[in-house]
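Undergrad:
In structure tokens, the structure reads:
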């Protein structure tokens with residue numbers, strides 16, 4: 001007798017559907033063969049499956065069968081194929097009607113006593129099943145909340161192999177679980193601290209607002225203790241809430257990653273990732289033997305904060321260039337390619353020199369010009385060009401630290417940011433562009449073209465600062481965002497002047513200061 005069950009494994013933020021076929025074979029000794037490019041976890045499913053079947057009260061020692069996992073030329077990874085493999089075997093031996101398995105996707109890992117354990121990647125698998133027109137998905141109960149965020153497909157949670165057998169054989173609905181039965185915890189970013197806590201730094205606060213309004217990458221440079229990290233950690237609070245499509249995209253990344261808690265339901269807040277400067281390229285960009293999304297993907301639709309960016313290895317930083325430009329990462333292996341989204345907003349913080357006090361009014365810098373040049377050269381020109389806003393964050397004077405005067409709250413700034421984002425949503429309706437930072441050359445020409453005064457100002461700035469074509473276009477994108485914050489339909493000279501002011505490191509790299517190296 002032959003039986004077939006549909007299973008799936010994650011592949012990037014998508015799913016690979018696997019036809020699990022089982023057939024009896026002739027053998028003088030019990031033999032269980034698994035074919036179809038199965039990894040160690042899949043091959044070990046034999047022991048879990050037959051131990052779980054024995055706990056059903058059925059003797060399973062006469063197991064002369066072959067499992068074929070099709071397509072045979074695609075690698076199969078993970079323990080999520082345990083359940084479909086077990087059900088295919090039970091169909092072969094007559095415990096479950098084979099026709100009841102048609103039109104259903106089964107996913108789940110089995111314990112030795114037959115309990116269904118949660119697996120990674122449920123959300124992308126259920127989304128792919130809906131696109132394929134599958135009627136029902138049977139998942140472990142602990143994955144139910146994650147799977148049930150997808151409309152248009154029946155999700156049946158189950159606690160054990162026996163519950164699935166009774167559902168398919170007798171129509172007995174698996175008992176619904178309660179919230180305290182879930183094994184994972186919902187990943188929630190903590191509430192962002194309030195922007196009013198930042199004392200002084202009006203220029204940096206304004207730059208952060210512009211950055212949030214247009215989705216622009218920002219670099220803040222200043223001495224230790226000037227408030228760079230404090231500002232960066234308040235950026236998520238002024239960003240607009242996740243849209244439903246963005247929440248799905250980001251939750252899919254968290255669903256397949258083993259580096260973060262498994263999500264229950266959709267993520268509610270934009271992620272904020274702040275990796276240490278000792279991070280490897282594979283951990284930041286993604287990769288590994290079994291490719292995993294890196295920090296750039298875990299920050300998708302959120303913020304990636306690189307504190308002390310000059311302390312990161314240069315090869316790690318150079319790996320950011322492609323994700324910043326393409327908003328996705330493709331990891332190539334000998335047998336497959338996986339693509340992870342990386343539409344993050346980058347916030348970088350840096351000291352002006354190794355000791356941190358170059359240009360500080362209160363402390364003297366002890367670094368030599370050669371040391372400063374080596375330190376700054378760790379951040380290449382092409383990477384700097386991809387940072388739309390570059391702003392200096394000076395030390396706060398002592399007299400301001402004792403002042404009771406506070407700036408605007410997160411709530412007030414967030415309202416302006418939200419209004420600017422609404423203007424962009426209306427402007428780019430029907431296209432893949434969501435924010436000004438993602439505008440292409442065509443959009444820039446039609447939507448951010450300056451008036452005559454602005455064009456003359458921009459020409460002078462380009463000649464004085466030696467701007468690259470990429471930096472030129474990024475100034476126009478930032479100017480468009482500043483105009484949106486001012487509720488202006490056209491980009492005017494004052495908007496361009498402010499945008500040029502946010503290229504502070506280009507100004508430092510002008511001819512009179514290039515002797516100590518370019519940022």
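Residue numbers (the numbering used here): 1 to 519. We put the beta carbon where it would ideally sit given N, CA and C, even for glycine.
Keeping to the same chain, check which residues put their C-beta closer than 6 Å to that of residue 15; ignore five residues upstream and five downstream.
TA: Once the five neighbours on either side are set aside, the close Cβ partners of residue 15 are 8, 124, 125 and 128.
Undergrad: Just to confirm, is the Cβ distance from residue 481 to residue 210 under 8 Å?
TA: Yes. Within cutoff.
Undergrad: Is residue 489 helix, strand or coil when you go by DSSP?
TA: Residue 489: coil per DSSP, three-state reduction.
Undergrad: Is it true that the CB of residue 341 sits closer than 8 Å to the CB of residue 253?
TA: Closer than 8 Å, so yes.
Undergrad: Hey, out of 308, 475, 215 and 243, whose CA is closest to residue 229's CA?
TA: Taking only the C-alpha atoms, the option nearest residue 229 is 308.
Undergrad: Using beta carbons (cut-off 8 Å, strictly below), is residue 306 in contact with chain D?
TA: Of the chains in the structure shown, none is chain D; there is only one protein chain.
Undergrad: Once the 5 residues before and after residue 88 are set aside, which same chain residues still bring their CB inside 6 Å of it?
TA: Once the five neighbours on either side are set aside, the close Cβ partners of residue 88 are 3, 5, 20 and 22.
Undergrad: Comparing C-alpha positions only, which one of 355, 220 and 165 sits nearest to residue 96?
TA: Checked all of 355, 220 and 165; the closest Cα to residue 96 is 165.
Undergrad: In three-state DSSP terms, what is residue 415?
TA: DSSP places residue 415 in helix when its eight states are reduced to three.
Undergrad: Is residue 245 helix, strand or coil by DSSP?
TA: It is helical.
Undergrad: How big is the Cα-Cα spacing for residue 448 and residue 490?
TA: Rounded to whole angstroms, residue 448 to residue 490 spans 7 Å at the Cα level.
Undergrad: Where does residue 482 sit, in a helix, a strand or coil, going by DSSP?
TA: Correct three-state label for residue 482: helix.
Undergrad: Assign residue 450 to buried or exposed, taking buried as 16 or more other Cβ atoms, counted over all protein chains shown, within 10 Å of its Cβ.
TA: It counts as buried.
Undergrad: What span of residues does the alpha helix (DSSP H) with residue 580 cover, start to end?
TA: Nothing can be reported for residue 580, as the shown portion of the chain is limited to 1 through 519.
Undergrad: Tell me, please, whether the stretch 406-419 touches the stretch 191-205 by the rule of three or more beta-carbon pairs shorter than 8 Å.
TA: Taking 8 Å as the limit for Cβ pairs, the verdict is that the stretch 191-205 does touch the stretch 406-419.
Undergrad: Check whether the stretch 102-109 and the stretch 138-152 are in contact - that is, three or more C-beta pairs closer than 8 Å.
TA: Output reads yes: the stretch 138-152 touches the stretch 102-109.
Undergrad: Helix, strand or coil for residue 21, going by three-state DSSP, please let me know.
TA: Correct three-state label for residue 21: strand.
Undergrad: Could you tell me the distance, in whole angstroms, from the CA atom of residue 498 to the CA atom of residue 479?
TA: Computed Cα separation, rounded: 7 Å.
Undergrad: In the DSSP assignment, find the unbroken beta strand (DSSP E) run with residue 443 in it and report its ends.
TA: Here residue 443 belongs to no beta strand (DSSP E); instead the alpha helix (DSSP H) covers 441-447.
Undergrad: In whole angstroms, what is the alpha-carbon distance linking residue 68 and residue 35?
TA: Approximately 5 Å, taken between the alpha carbons.
Undergrad: Can you tell me which of the three DSSP states residue 38 falls into?
TA: It is a strand residue.
Undergrad: Counting pairs of beta carbons, one from the stretch 359-379 and one from the stretch 322-332, are three or more of them closer than 8 Å?
TA: No contact exists between the stretch 359-379 and the stretch 322-332.
Undergrad: Pick out whichever of 214, 415 and 351 has its Cα sitting closest to the Cα of residue 379.
TA: Nearest of 214, 415 and 351 to residue 379, Cα basis: 351.
Undergrad: Whether or not the stretch 212-226 and the stretch 390-397 are in contact is what I'm after, with contact meaning three or more pairs of Cβ atoms, one per stretch, closer than 8 Å; do they touch?
TA: As far as the Cβ criterion goes, the stretch 390-397 touches the stretch 212-226, which means the pair count is three or higher.
Undergrad: Going by C-alpha to C-alpha distance, which of 427, 362, 436 and 72 sits closest to residue 396?
TA: Nearest C-alpha to residue 396: 362.
Undergrad: What does the alpha-carbon distance come out to for the pair residue 240 and residue 204?
TA: Approximately 20 Å between the Cα atoms of the pair.
Undergrad: When DSSP labels each residue in this structure, what does residue 76 get in the three-state scheme?
TA: Note: residue 76 maps to strand in three-state DSSP.
Undergrad: In three-state terms, what does DSSP make of residue 107?
TA: Reduced to three states, the DSSP call for residue 107 is coil.
Undergrad: Let me confirm a value: residue 94 is counted as buried when at least 16 other C-beta atoms fall within 10 Å, else exposed. Which label applies?
TA: Classification for residue 94: exposed.
Undergrad: Judging by CA-CA distance, which residue of 158, 373, 168 and 492 is the nearest neighbour of residue 455?
TA: When only C-alpha atoms are compared, the closest one is 492.
Undergrad: So, with DSSP's three-state summary, where would you put residue 91?
TA: Note: residue 91 maps to helix in three-state DSSP.
Undergrad: For my contact list, residue 375 and residue 310 are in at a C-beta cut-off of 8 Å; report their separation, rounded to the angstrom.
TA: 6 Å between Cβ atoms; contact.
Undergrad: Check whether the stretch 408-428 and the stretch 335-349 are in contact - that is, three or more C-beta pairs closer than 8 Å.
TA: The stretch 408-428 is not in contact with the stretch 335-349.
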